[in-house]
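Q: Please see the structure below; I have some questions.
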Amino acid sequence: MPPQPPGVEVATDHAPLLERFFDLEVREERYVIDDIEGHIPDFVRGSYYVNGPARFRRGEQRYGHWLDGDGMVAALHFDAGVGGRGLVMEWVQRFVRSHKWMAEEEAGEALFRTFGTSFAGDRLVRGIALASPINVSAYHFADQLLAFGEQGLPFALDPRSLETVGEHTFGRRLNAISPFSAHPNFDPLSGEMHNFGVSFSARSPLIHFYRFNAQGELLERRRRPLERPVSIHDFALAPRHLVVYASPHVLDMEALSAADATLMQALTWRPELGSQLLLEPRNGEGEMLRLEIGNGYCLHLIGCFEAQGRLMVDLVELTQPVYDQYEVPQLFADVRPAQPVRYVIDTEAERVVERRIIADSRMCDFPAIDPRFVGRDYGDFWVLALSASGQSGRKFFDQLVRFDWHHESVGSAWTAPKFCYLGGEPVMVPDPAKRRGGVVICQHFDAQEQRSSILLFDALDLAKGPLARLRLRHPIPPGFHASFHPGTGPS
Ligand SMILES: [Fe+2]
144 MPPQPPGVEV ATDHAPLLER FFDLEVREER YVIDDIEGHI PDFVRGSYYV
194 NGPARFRRGE QRYGHWLDGD GMVAALHFDA GVGGRGLVME WVQRFVRSHK
244 WMAEEEAGEA LFRTFGTSFA GDRLVRGIAL ASPINVSAYH FADQLLAFGE
294 QGLPFALDPR SLETVGEHTF GRRLNAISPF SAHPNFDPLS GEMHNFGVSF
344 SARSPLIHFY RFNAQGELLE RRRRPLERPV SIHDFALAPR HLVVYASPHV
394 LDMEALSAAD ATLMQALTWR PELGSQLLLE PRNGEGEMLR LEIGNGYCLH
444 LIGCFEAQGR LMVDLVELTQ PVYDQYEVPQ LFADVRPAQP VRYVIDTEAE
494 RVVERRIIAD SRMCDFPAID PRFVGRDYGD FWVLALSASG QSGRKFFDQL
544 VRFDWHHESV GSAWTAPKFC YLGGEPVMVP DPAKRRGGVV ICQHFDAQEQ
594 RSSILLFDAL DLAKGPLARL RLRHPIPPGF HASFHPGTGP S
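Dropping the structure here:
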């Protein structure tokens, strides 16, 4: 480290060797995992999927932001063995053949500007948009695996081999300019998929809502005006509403196309404009409600349900956007805490009647719930958290935490050893024999050993440590969102 001028405080490094997590030579792989420690419960059968940026350099070009890397989807197939006995675990990891990946692979060099990195001669799509690296999430839907990036159509993959089928247009009902988020929601009763997207026009910004049947056919598309072109990453499905947290993180698309600005630089935090909860009636009857809720920021919602005539909207709320904390490898250097918040809403009176919190000073993200409780009073949720929250200096997710809304407290937590980090949304696989509980799956990286594992925890008792550890042959970088598709796999 270069000498610091007198009076300049040197921040502590709370994540030693973290740079190794983002500088891996990642290859495409497919093999049966044979390095297993611990016990895997019988109900864990199906496929775990995780998507994330997996390559932070292309030719001479290095990327400086976590959102920049090309998306790689990994699958861990938990298959019943011959005759339904035993367990075979196959690991597959493949880059998504996005338009960006294909063009750059052919050219042998970086061609496109990314979320946080610009370079001489870089390209935008149609001169106005980023070429998506398809690096945010992956969900099984209508017999395919859909890999999503921010603001664009997903790519369909073979759910088993992860070979890219192609850009998914939903039977040509959508196209390359259809705004489409990386956070679809699935209605467990109907099997329908809902999604949204934002048109960032400075004059007439819009939010689009989409609904697809379980076969993947577009049933409905609606457009509603937004007050301003703000960045929105996620939404939630309530029993009677689509719920959006609109933070005043304003995107100036002209700034992106007029100069060499990155998307990160085209975003401005305007807390004086205030934040709103948008409640769009699912049945399409009536106006979209817009409720003023202070000036916080939300990247991810946790869940929504109705109880005692109230709508509960739960989310992880921050005091400001978090993307400036994603600089590689100095991540989360001065990140603020994040608060699990429950907005209690009287939809008839069109007002927020209460704001509850779980008092905890940690920075956390990637919330997940038991899938059986989507749209219901769920109680437990799981997040990744930073043990060094509140301290200056780079840090990374090294805690798995279960929060409990019913007690408004931390239920249990596990902290990884020094030099070890967690990645990927924790995924909850419910135990069908119990009303509550199951297994939580997440990704683990030992930076000293440069080894990655997939860990399985008892969902209700994280503190006792992993139930099972599945060591991968080669390390992988931290993923973003993960999902689990139940099933028995091939017989
Ligand atoms: Fe996300």
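Taking this note's numbering, the leading residue of the sequence shown gets 144, the next gets one more, and so forth.
Here a beta-carbon is modelled for each residue, glycine too, at the ideal position from N, C-alpha and C.
None of the values given here were measured: they were computed from a predicted structure.
#1: Taking Cβ positions, are V496 and D503 nearer each other than 8 Å?
#2: Can you name, in chain order, every residue of its own chain whose Cβ lies under 7 Å from the Cβ of S374, other than the five neighbours on each side?
#3: Candidates A357, E363, H337 and Q591: which alpha carbon is nearest C563's?
#4: Closer than 6 Å by C-beta to M506: which residues in its own chain qualify, once you throw out the five before and the five after it? Chain order, please.
#5: Out of S400, C441, Q294 and S190, which has the shortest C-alpha to C-alpha gap to Y466?
#6: For the putative contact between D156 and G581, defined by C-beta atoms under 8 Å, what is the C-beta separation to the nearest angstrom?
#7: For A197 and F238, which I take to be in contact (beta-carbon distance under 8 Å), what is that distance rounded to the nearest angstrom?
#8: Taking the DSSP output, what are the residues bridged to H220?
#9: Do you know offhand how far R228's Cα is from H220's?
#10: Please say whether M571 and D508 have beta carbons closer to each other than 8 Å?
#11: Identify every residue that forms a DSSP beta bridge with L349.
#12: Out of G259, F258 and R266, state which residue places its alpha-carbon closest to the alpha-carbon of E252.
#13: According to DSSP, is W557 part of a helix, a strand, or is it coil?
#14: Counting only runs that start and end within the segment 530–555, where is the beta strand (DSSP E) found for 3 or more residues in a row?
#15: On a CA-only basis, which of P184, L399 and A299 is nearest I271? Give me that one, please.
#16: With a cut-off of 8 Å, do at least 3 Cβ pairs link the segment 283–298 to the segment 174–194?
#17: Tell me, please, whether the segment 320–336 touches the segment 243–251 by the rule of three or more beta-carbon pairs shorter than 8 Å.
#18: Can you give the Cα-Cα distance for S342 and A611, rounded to whole angstroms?
#19: Can you tell me which residues form a DSSP beta bridge with Y282?
#20: Comparing C-alpha positions only, which one of A381, L421 and A401 sits nearest to H351?
#21: Whose CB is closer than 7 Å to a heavy atom of ligand 1? List the residues in chain order.
#22: Ignore the nearest five residues each way along the sequence and tell me which others in Q468's own chain have a CB closer than 6 Å to its CB.
#23: Need the endpoints of the beta strand (DSSP E) that H628 sits in, please.
#24: If you reduce the DSSP assignment to three classes, tell me which class S596 lands in.
#25: In or out: V279 buried (at least 16 other Cβ within 10 Å) or exposed?
#26: Near G224, what residues of its chain come up, given a Cβ to Cβ distance below 8 Å and the 5 sequence neighbours on each side ignored?
#27: Find the nearest neighbour of D457 within the set A401, V216, G522 and G427, judged by alpha-carbon distance.
#28: Which of the three DSSP states, helix, strand or coil, is assigned to Y466?
#29: Assess contact between the segment 174–190 and the segment 442–462, defined as three or more Cβ pairs (one per stretch) separated by less than 8 Å. Is contact present?
#30: Can you tell me which of P483, L434, H550 and E460 puts its alpha carbon nearest to the alpha carbon of E493?
#31: Would you report the Cα separation of M215 and N338, rounded to the nearest angstrom?
#32: Can you list, in chain order, the residues of its chain with a C-beta nearer than 8 Å to that of A345? Leave out the 5 residues immediately preceding and following it.
#33: Where does F516 fall in DSSP's three states?
#34: Tell me whether G181 sits in a helix, a strand or coil according to DSSP, three-state version.
#35: Considering only residues of the same chain and omitting the five flanking positions on each side of D377, which have a CB-CB separation below 6 Å?
#36: What is the DSSP secondary structure of E168, reduced to helix, strand or coil?
A: A quick look at the data gives this:
#1: Position 353 of the sequence shown, counted from the start, is the residue given in the question as residue 496. Position 360 of the sequence shown, counted from the start, is the residue given in the question as residue 503. Not closer than 8 Å, so no.
#2: For the purposes of this step, residue 374 is taken as the residue at position 231 of the sequence shown. Answer for S374: H392, L394 and L410, listed in chain order.
#3: In the sequence shown, residue 563 corresponds to position 420, counting from 1. Checked all of A357, E363, H337 and Q591; the closest Cα to C563 is Q591.
#4: In the sequence shown, the residue the question calls residue 506 occupies position 363. Close CB contacts of M506 within its chain, under the 6 Å cut and outside five residues either way in sequence, are with V478, P480, A481, L529 and S532 (chain order).
#5: As a working mapping, residue 466 is identified with position 323 in the sequence shown. Measuring from the Cα of Y466, the nearest candidate turns out to be C441.
#6: The residue given as residue 156 occupies position 13 in the sequence shown. The residue given as residue 581 occupies position 438 in the sequence shown. That belief does not hold up - the Cβ atoms of D156 and G581 are roughly 36 Å apart, past 8 Å.
#7: Reading the sequence shown from its first residue, position 54 is the one you call residue 197. Reading the sequence shown from its first residue, position 95 is the one you call residue 238. Taking C-beta atoms under 8 Å as the contact rule, A197 and F238 qualify, at a distance of about 7 Å.
#8: The sequence position of residue 220 within the sequence shown is 77, counting from 1. Answer by DSSP bridge pairing, in chain order: S190 and E233.
#9: Taking the first residue of the sequence shown as 1, we reach residue 228 at position 85. Taking the first residue of the sequence shown as 1, we reach residue 220 at position 77. A direct Cα-Cα distance of roughly 15 Å separates R228 from H220.
#10: Working through the sequence shown from its first residue, we reach residue 508 at position 365. Working through the sequence shown from its first residue, we reach residue 571 at position 428. Cβ atoms of D508 and M571: not closer than 8 Å.
#11: Here residue 349 is taken as the residue at index 206 of the sequence shown, counted from 1. Its beta-bridge partners are S342 and P368.
#12: In the sequence shown, residue 252 corresponds to position 109, counting from 1. Closest in alpha carbon position to E252, among G259, F258 and R266, is R266.
#13: Position 414 of the sequence shown, counted from the start, is the residue given in the question as residue 557. Correct three-state label for W557: strand.
#14: 542–547
#15: Walking along the sequence shown from the start, residue 271 turns up at place 128. Per the Cα distances, L399.
#16: yes
#17: No, because fewer than three Cβ pairs between the segment 320–336 and the segment 243–251 fall closer than 8 Å, the two stretches do not touch.
#18: The count along the sequence shown starts at 1 and reaches residue 342 at position 199. The count along the sequence shown starts at 1 and reaches residue 611 at position 468. Approximately 44 Å between the Cα atoms of the pair.
#19: Sequence index remark: in the sequence shown, residue 282 carries index 139 (1-based). In DSSP, Y282 forms a bridge with L289.
#20: Residue numbering aside, residue 351 sits at position 208 when the sequence shown is read from its first letter. Ranking A381, L421 and A401 by Cα distance to H351 puts L421 first.
#21: V279, S280, A325, H326, H376, D377, L442, H443, F623 and H624
#22: Start at 1 with the first residue of the sequence shown, and residue 468 comes out as number 325. Around Q468: F475 and V478.
#23: Working through the sequence shown from its first residue, we reach residue 628 at position 485. From DSSP, the beta strand (DSSP E) with H628 extends over A625 to P629.
#24: In the sequence shown, the residue the question calls residue 596 occupies position 453. In this structure, S596 counts as strand in the three-state DSSP scheme.
#25: In the sequence shown, the residue the question calls residue 279 occupies position 136. Burial call: buried.
#26: Looking up residue 224 in the sequence shown gives position 81. Cβ neighbours of G224 beyond the five flanking positions: L230 and V231.
#27: For the purposes of this step, residue 457 is taken as the residue at position 314 of the sequence shown. Closest by alpha carbon: G522.
#28: Residue 466 sits at position 323 when you count from the first residue of the sequence shown. In the structure shown, Y466 sits in a helix (DSSP, three-state: H, G or I).
#29: No: the two stretches stay apart, fewer than three of their Cβ pairs being nearer than 8 Å.
#30: Here the question's residue 493 lines up with position 350 in the sequence shown. That would be L434, whose Cα lies nearest to the Cα of E493.
#31: Position 72 of the sequence shown, counting from 1, holds the residue named residue 215. Position 195 of the sequence shown, counting from 1, holds the residue named residue 338. If I take the Cα positions, the gap works out to 22 Å.
#32: Stepping through the sequence shown from its first residue, residue 345 is reached at position 202. Cβ neighbours of A345 beyond the five flanking positions: P372, D395, M396 and E397.
#33: As a working note, residue 516 is residue 373 in the sequence shown. DSSP places F516 in helix when its eight states are reduced to three.
#34: Taking the sequence shown and counting its residues from 1, the one referred to as residue 181 is at position 38. Strand at G181.
#35: Taking the first residue of the sequence shown as 1, we reach residue 377 at position 234. Closer than 6 Å at the Cβ level, and outside the excluded window around D377, lie H326, H443 and L444.
#36: Residue mapping note: residue 168 aligns to position 25 of the sequence shown, counting from 1. If DSSP states are grouped into helix, strand and coil, E168 belongs with coil.
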